[in-house]
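Residue 1 is where the sequence shown starts when you use full-length UniProt numbering, and the numbers rise one by one after that.
Heads up, the beta-carbon is just placed ideally off N, CA and C, and yes, glycines get one too.
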Amino acid sequence: MSSLPGFLCVRVLRGVNLVSRDAKGSDPYVVLNLEGQKLKTGVMKKTVNPVWNEELTLAVRNASTPINLEVFDKDTFSKDDQMGDAEFDVEALMQIVQMDLEDIRDGTVVRTVRPGKHCCLADESHIVWEKGQVVQDLLLKLRNVETGVVHLQLKWVHIPG
């Protein structure tokens, strides 16, 4: 797929039933990694059901390159504990972005991405035409831990010209 000039806005909405790493609950934060870019959310104190509602913006050069997500428990006196990881790609989103959707009614589900063996989707993910933008909600099941889901919302931002 050709590279498109633009950015992916990843809104890290919340974590659900994350694994507890400390006696009084965890202090989770999320790290996104893509092609040398590393962005992280703020730390939520003493919770396994954090609400971040933070937007992180990544430059995407290749839609087939997976974006890695890691959740950590912030520790003061030792190395931060890993609370799981996941990965997702934006190929389906980018295919829709390249379509002419101007005549489609607001709120229309343009495509549904279903969970599979090799993806971290916890449930179906809908790509929607919303207020002139292509938006995708993702529920990612964390790997390498007993429990945990992270809810993200993706939006593509075009660079004019």
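Name the residue from the options whose alpha carbon lies nearest to the alpha carbon of residue i.
i	options	result
Phe20	Glu87, Leu34, Ile159, Thr47	Before going further, note that residue 20 is Ser rather than Phe in the sequence given. Of Glu87, Leu34, Ile159, Thr47, the residue nearest in Cα terms is Thr47.
Thr147	Val71, Val31, Ala59, Thr41	Val71
Ile104	His158, Asn33, Lys131	Lys131
Ala122	Gly15, Thr108, Leu140	Leu140
Leu101	Ile159, Asp85, Gln133	Gln133
Phe77	Leu34, Gly6, Asp22, Arg14	Asp22
Asp81	Leu154, Gly25, Ile159, Val12	Gly25
Pro115	Thr108, Ile96, Met99, Ala92	Ala92
Asn49	Gly36, Lys79, Arg14	Arg14
Ala59	Asp73, Glu35, Lys45	Glu35
Glu54	Asp73, Gly6, Ser64, Leu32	Leu32
Give me the DSSP bridge partner(s) of residue i.
i	result
Thr57	Cys9
Val51	Arg14
Leu140	Leu121, Val150
Phe72	Tyr29, Gln82
Ile67	Phe88
Lys155	Cys9, Val135
Val128	Val109, Val135
Leu34	Gln37
Output the boundary residues of the alpha helix (DSSP H) element that contains residue i.
i	result
Glu91	91-97
Can residue i and residue j be called in contact, C-beta distance under 9 Å?
i	j	result
Val150	Asp137	no
Val30	Lys40	yes
Ser125	Val113	yes
Val157	Leu8	yes
Val10	Leu152	yes
Asp27	Asp75	yes
Leu18	Met83	yes
Asn87	Asn68	Sequence inspection shows Glu at residue 87; the Asn mentioned does not correspond to that position. Closer than 9 Å, so yes.
Pro66	Asp89	yes
Would you give the residue range spanned by the beta strand (DSSP E) that residue i belongs to?
i	result
Ala86	81-88
Val43	No beta strand (DSSP E) holds Val43; DSSP gives it neither H nor E.
Arg111	108-113
Between residue i and residue j, which are expected to be in contact by the criterion C-beta below 8 Å, what is the C-beta distance as a whole number of angstroms?
i	j	result
Cys120	Arg143	7 Å
Val97	Leu56	Contact doesn't hold; Cβ gap of about 18 Å is too wide.
Gly6	Ile159	5 Å
So that I know if they touch, is there some Cβ in chain E lying closer than 9 Å to that of residue i?
i	result
Glu35	Here there is only one protein chain, and chain E is not present.
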